[in-house]
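Novice: Mind the numbering: the sequence shown is residues 47 to 745 in the numbering used here, read in order.
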Amino acid sequence: MDEAMKLVLQVSKPLETVKLDVNSRLAGHVLCEDVAASHELPANPTTNVDGYAVQVPYKKGIFKVLTPATLKLGSQVPADSVYRINTGAPLPSGTNAVIMVEDTQVDSQFSAEEGQEGEEKTVELLAEVEVGENVRKSGSDVRAGDKVLVAGDVVSGLGGEIGALAFVGVKQVQVYRKPVVALLSTGNELTDLQEQSSSTQSSEGWSGVIDTNRPSLKAAIEGLGYEVIDLGIVHDNIDAHVNALSDGISRADILVTTGGTSMGASDLLKPLLERNLKGTIHFGRVAMKPGKPTTFATVPPTNGERDKLVFGLPGNPASALVTFYLFVLPALRRLGGWSQKAAELPRVPVEFASRRSVVYGRKGVVSCTQPLAAEAGLEILRKGGNAADAAVAVSAALNVTEPTSCGIGGDAFCLFYDASKKTVQALNGSGRSPKALSIDVARKNGAIGKQLTERDLNSVTVPGAAAAWIDTVASLGNGKVTFGEVMAPAIRLAEEGAPVSELTANSWKRSEGLIKSASPSGDSMLINGRAPLPGEVMRLPDLARTFRALVDEGKKGFYTGRIAEAIVELIKSKGGVMELSDLAEHDTEFVDPIKYTYAGEVTLWECPPNGQGITALMALGILEAAEEIGKIKPLLEMKHNSVEYLHALIEALRLAFADTQYYVSDPKVAKVPVEEMLSKASTELLRPLSENSETMFMI
47 MDEAMKLVLQ VSKPLETVKL DVNSRLAGHV LCEDVAASHE LPANPTTNVD GYAVQVPYKK
107 GIFKVLTPAT LKLGSQVPAD SVYRINTGAP LPSGTNAVIM VEDTQVDSQF SAEEGQEGEE
167 KTVELLAEVE VGENVRKSGS DVRAGDKVLV AGDVVSGLGG EIGALAFVGV KQVQVYRKPV
227 VALLSTGNEL TDLQEQSSST QSSEGWSGVI DTNRPSLKAA IEGLGYEVID LGIVHDNIDA
287 HVNALSDGIS RADILVTTGG TSMGASDLLK PLLERNLKGT IHFGRVAMKP GKPTTFATVP
347 PTNGERDKLV FGLPGNPASA LVTFYLFVLP ALRRLGGWSQ KAAELPRVPV EFASRRSVVY
407 GRKGVVSCTQ PLAAEAGLEI LRKGGNAADA AVAVSAALNV TEPTSCGIGG DAFCLFYDAS
467 KKTVQALNGS GRSPKALSID VARKNGAIGK QLTERDLNSV TVPGAAAAWI DTVASLGNGK
527 VTFGEVMAPA IRLAEEGAPV SELTANSWKR SEGLIKSASP SGDSMLINGR APLPGEVMRL
587 PDLARTFRAL VDEGKKGFYT GRIAEAIVEL IKSKGGVMEL SDLAEHDTEF VDPIKYTYAG
647 EVTLWECPPN GQGITALMAL GILEAAEEIG KIKPLLEMKH NSVEYLHALI EALRLAFADT
707 QYYVSDPKVA KVPVEEMLSK ASTELLRPLS ENSETMFMI
């Protein structure tokens with residue numbers, strides 16, 4: 047379809063130009079020349095308010111009032127007088143500002159005997175104005191030579207362009223001639239609406255189909271400002287067809303027919319155009335529905351003028367209108383002088399509701415944000431590993447392909463569903479803050495309020511991912527692959543290199559300065575001192591060595607010895623307080639997962655605090671509370687990603703995050719009231735808030 051639309055615009059060329067008067071009949075035409083002002087406007091200084099023209103400087107007081115009737119044209123206003131003036135009028139000689147009538151009051155008026163009864167004789171000026179105040183300078187609207195319209199501008203029917211032309215005194219302009227359209231319906235079955243009886247059924251049976259295409263297309267074309275020649279209906283007869291087509295081509299610039307374009311025996315348009323009228327068929331079918339049999343051709347005229355355009359539209363009324371707007375209207379505009387780009391129909395980007403589709407696999411599915419990392423997980427599944435083994439392989443591979451995300455230096459949480467036992471197990475692989483970190487230390491490093499500063503290395507906790515990977519494979523894996531086999535794809539990617547995606551390259555670039563300043567090993571994350579570009583292959587040999595140490599030496603190889611010492615040395619060099627003992631004492635914890643069942647049918651499992659997953663569970667409870675008090679309808683009844691759906695989720699999450707931020711911390715240091723936070727009693731506390739809030743869940 048796009049190719050057909052481009053072809054129509056390429057073949058359609060602007061018609062000749064004509065000179066027309068500037069009036070309402072100019073609407074719809076396209077200028078073929080620039081239009082410039084021959085003189086400046088306003089020609090003289092004018093006022094933009096009603097008031098009195100004055101000579102600045104002056105002092106507040108009583109002044110005589112002059113008017114057009116009492117001041118001779120070209121005369122100067124005396125110093126003891128002011129000149130009454132209305133908006134748009136030119137200032138008389140001897141004045142250089144205008145005081146608004148609101149800043150004056152009438153002092154005296156003429157009597158009937160004086161001949162100007164009721165007119166002000168003197169006024170009191172209550173304010174002083176500056177030179178040029180309330181005055182439009184000459185040329186302030188348009189300067190001589192300024193272009194008011196340019197070649198290619200379309201004269202709309204809204205009046206703006208015609209008003210602009212009249213404003214600068216242009217009486218005639220050169221424009222492209224608008225095309226004339228000939229309209230023809232074809233088919234033995236058709237009858238004219240105005241000639242048809244009140245019923246389509248005669249006493250002898252069926253009496254034909256009313257032609258709806260000509261009336262609808264004629265209304266559309268004339269409504270767009272183009273002249274239409276109605277050729278009526280032609281039946282399926284070769285001579286009648288040729289005569290009607292020839293008549294339309296001789297009288298119009300574009301011939302539009304409906305019907306007769308498909309593959310039936312009585313569909314005569316295409317063969318007659320080629321054989322009898324020596325035309326060229328540019329396309330006879332378009333890959334679209336409706337409108338597949340649309341035809342576009344050009345026919346040479348008998349008088350030697352330019353080729354005429356012929357559009358054969360389908361007989362189906364809906365198809366005829368759709369294809370008219372898609373193909374004929376752009377051609378009409380192009381013939382009328384519109385630029386090729388302007389003649390095209392506007393294209394509106396459509397965003398489809400985004401949601402994850404269900405993925406099915408016979409032997410397993412791996413889902414992550416990077417295909418190379420997904421392939422690492424698939425490799426482990428093919429070797430016989432289970433989902434837990436594959437998850438660790440993916441997490442390690444993402445450390446290579448997306449180092450801007452969480453990796454071996456961060457935390458890890460795991461939820462594992464055992465299908466054979468139908469149980470959910472949870473693993474908390476997050477590390478704690480250094481034992482020596484206190485409020486005093488944080489304040490000394492610049493912390494304000496409840497947050498550490500963004501670049502305070504005391505915000506770096508003990509990296510828990512390394513231990514979590516080992517324990518996940520050991521405790522949740524099926525034992526068919528070793529930890530070394532699980533890590534092998536990530537090690538290979540780190541050593542051989544992986545192409546950097548566009549999204550990751552952008553994130554990498556934003557962190558380039560931080561990488562250079564944060565660590566003496568920062569160059570290992572850069573290529574010649576810069577972040578990698580999209581598509582560049584990035585090798586991370588230092589990361590590969592760390593992975594190998596984890597495989598060969600286990601958790602001790604990471605949390606004691608060379609790697610641990612390097613971590614502590616760097617953090618301390620930047621003002622951190624982490625000690626070797628913080629790393630040596632770290633270990634993974636297997637914990638009881640928490641859950642919430644929403645609407646009695648959807649159960650969501652999460653790791654308990656210090657994990658943030660409780661936020662999602664609380665949000666579900668808040669949604670149910672809001673449903674019960676009538677603030678929202680059930681979420682499952684809302685259209686996915688609709689305004690009301692997103693609003694409800696955002697409000698619920700906002701409240702849930704507020705509680706999470708307040709209560710959730712290290713459960714070994716402070717009690718986190720998990721049961722209370724998830725209970726109906728907790729969500730009941732939200733009722734007064736949501737009932738009294740003007741915005742909570744108000745759609």
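Ideal Cβ placement from N, Cα and C applies to all residues, glycine included.
When the Cβ atoms of the stretch 53-67 are set against those of the stretch 98-112, are three or more pairs found closer than 8 Å?
Specialist: Contact between the stretch 53-67 and the stretch 98-112 is absent, because fewer than three Cβ pairs lie under 8 Å.
Novice: Between E635 and the rest of its own chain, which residues show a CB-CB distance below 6 Å, the 5 nearest in sequence each way excluded?
Specialist: N474
Novice: Taking the Cβ atom as the reference point for each residue, do G510 and A458 lie within a distance shorter than 7 Å?
Specialist: Result yes, Cβ atoms of G510 and A458 sit closer than 7 Å.
Novice: Look up P545 in the DSSP assignment and say whether it is helix, strand or coil.
Specialist: strand
Novice: Helix, strand or coil for P766 per DSSP?
Specialist: Shown here, the chain extends from 47 to 745; a query on residue 766 therefore has no answer.
Novice: Is V103 helix, strand or coil when you go by DSSP?
Specialist: Reading the sequence as shown, one finds Pro at residue 103 and not Val. Here P103 sits in coil by DSSP.
Novice: According to DSSP, simplified to helix, strand and coil, what is G310?
Specialist: Note that G310 scores 48 on pLDDT, short of 50, meaning its location in the model is unreliable and no value can be drawn from it.
Novice: Pop quiz: Q151 and E170 are said to be a contact at Cβ under 8 Å. What is the actual Cβ separation, rounded to whole angstroms?
Specialist: 5 Å
Novice: Does DSSP put T741 in a helix, a strand or coil?
Specialist: Only weak support is given to the placement of T741: the predicted model assigns it a pLDDT of 48, under 50, and the value that follows is read from those uncertain coordinates. Looking at T741 - three-state DSSP - the assignment turns out to be coil, as it is neither helix nor strand.
Novice: Do you know offhand how far N552's Cα is from V487's?
Specialist: Whole-angstrom Cα-Cα distance: 34 Å.
Novice: Tell me, please, which residues DSSP counts as bridged to L355.
Specialist: In the DSSP output, where bridge partners are listed per residue, L355 has I300 and T344.
Novice: May I have the straight-line CA-CA distance separating P626 from R608, to the nearest angstrom?
Specialist: It is Leu, not Pro, that sits at residue 626 in the sequence shown. C-alpha separation (whole angstroms): 11 Å.
Novice: In terms of alpha-carbon separation, which member of F213, T649 and R182 lies closest to K193?
Specialist: Residue F213 is the option with its Cα nearest to K193.
Novice: Please say whether M584 and G543 have beta carbons closer to each other than 7 Å?
Specialist: Against a cut-off of 7 Å, the Cβ pair of M584 and G543 comes out as a contact.
Novice: Where are the alpha helix (DSSP H) runs, 4 residues long or more, that stay fully inside the stretch 558-613, in chain order?
Specialist: 558-564 and 587-605
Novice: Can you confirm whether the stretch 344-354 touches the stretch 286-302 when touching is taken to mean that 3 or more C-beta pairs between the two stretches lie within less than 8 Å?
Specialist: yes
Novice: Can you tell me the Cα-Cα spacing of G74 and K679, whole angstroms?
Specialist: 51 Å
Novice: Just how far apart, CA to CA, sit A645 and E670?
Specialist: 7 Å
Novice: What's the C-alpha gap between G310 and P317?
Specialist: With a pLDDT of 48 at G310, under the threshold of 50, the modelled position of that residue is not reliable, and no figure is offered here.
Novice: Give the DSSP-derived three-state secondary structure of I267 in the structure shown.
Specialist: Correct three-state label for I267: helix.
Novice: Please report the straight-line C-alpha distance between S249 and V255, rounded to a whole angstrom.
Specialist: A caution first: S249 carries a pLDDT of 47, below 50, which makes its placement in the model too unreliable to give a value.
Novice: Beta-carbon within less than 7 Å of M723's beta-carbon, same chain only, minus the 5 sequence neighbours each way: which residues are those?
Specialist: Within the same chain, I660, M664, D705 and Y709 come within 7 Å of M723 by CB-CB distance, once the 5 residues on both sides are set aside.
Novice: What residue ranges within the stretch 501-543 form continuous alpha helix (DSSP H) runs of no fewer than 4 residues, ordered along the chain?
Specialist: You should have 511-521 and 529-542.
Novice: Flag this pair as yes or no: are the beta carbons of V216 and V68 separated by less than 7 Å?
Specialist: yes
Novice: Do you know whose CA, among G477, Y371 and L498, lies nearest I819's CA?
Specialist: Here the chain has residues from 47 to 745 only, and residue 819 is not among them.
Novice: Would the beta-carbon of L359 fall within 7 Å of that of T447?
Specialist: no
Novice: What residue ranges within the stretch 189-260 form continuous beta strand (DSSP E) runs of no fewer than 3 residues, ordered along the chain?
Specialist: 193-195, 218-222 and 226-232
Novice: Quick check: R130 and T141, are their CB atoms within less than 7 Å of each other?
Specialist: Not closer than 7 Å, so no.
Novice: Give a yes or no on contact between the stretch 223-233 and the stretch 273-287, applying the rule of three or more CB pairs nearer than 8 Å.
Specialist: yes
Novice: When we look at the beta-carbon of D588 and count the other beta-carbons within 10 Å, is it buried (16 or more) or exposed?
Specialist: exposed
Novice: So, do the stretch 407-423 and the stretch 384-397 have three or more beta carbon pairs nearer to each other than 8 Å?
Specialist: These segments do not touch.
Novice: Apart from the five residues on each side of it in sequence, which residues of its chain come closer than 6 Å, Cβ to Cβ, to S365?
Specialist: If we look at S365 and ignore the five residues flanking it on each side, its Cβ neighbours are P336 and G337.
Novice: Just checking my contact of L211 with L195 at CB under 8 Å: how many whole Å lie between their CB atoms?
Specialist: 7 Å
Novice: Using a Cβ-Cβ cut-off of 8 Å (strictly less than) and excluding sequence neighbours within five positions of D126, which residues of its own chain qualify?
Specialist: F109 and K110
Novice: By the three-class DSSP mapping on this structure, what secondary structure does E391 have?
Specialist: In the sequence on display, residue 391 carries Leu and not Glu. Coil.
Novice: Can you tell me whether E582 is buried or exposed? The criterion is at least 16 other CB atoms within 10 Å of its CB, across all chains shown.
Specialist: exposed
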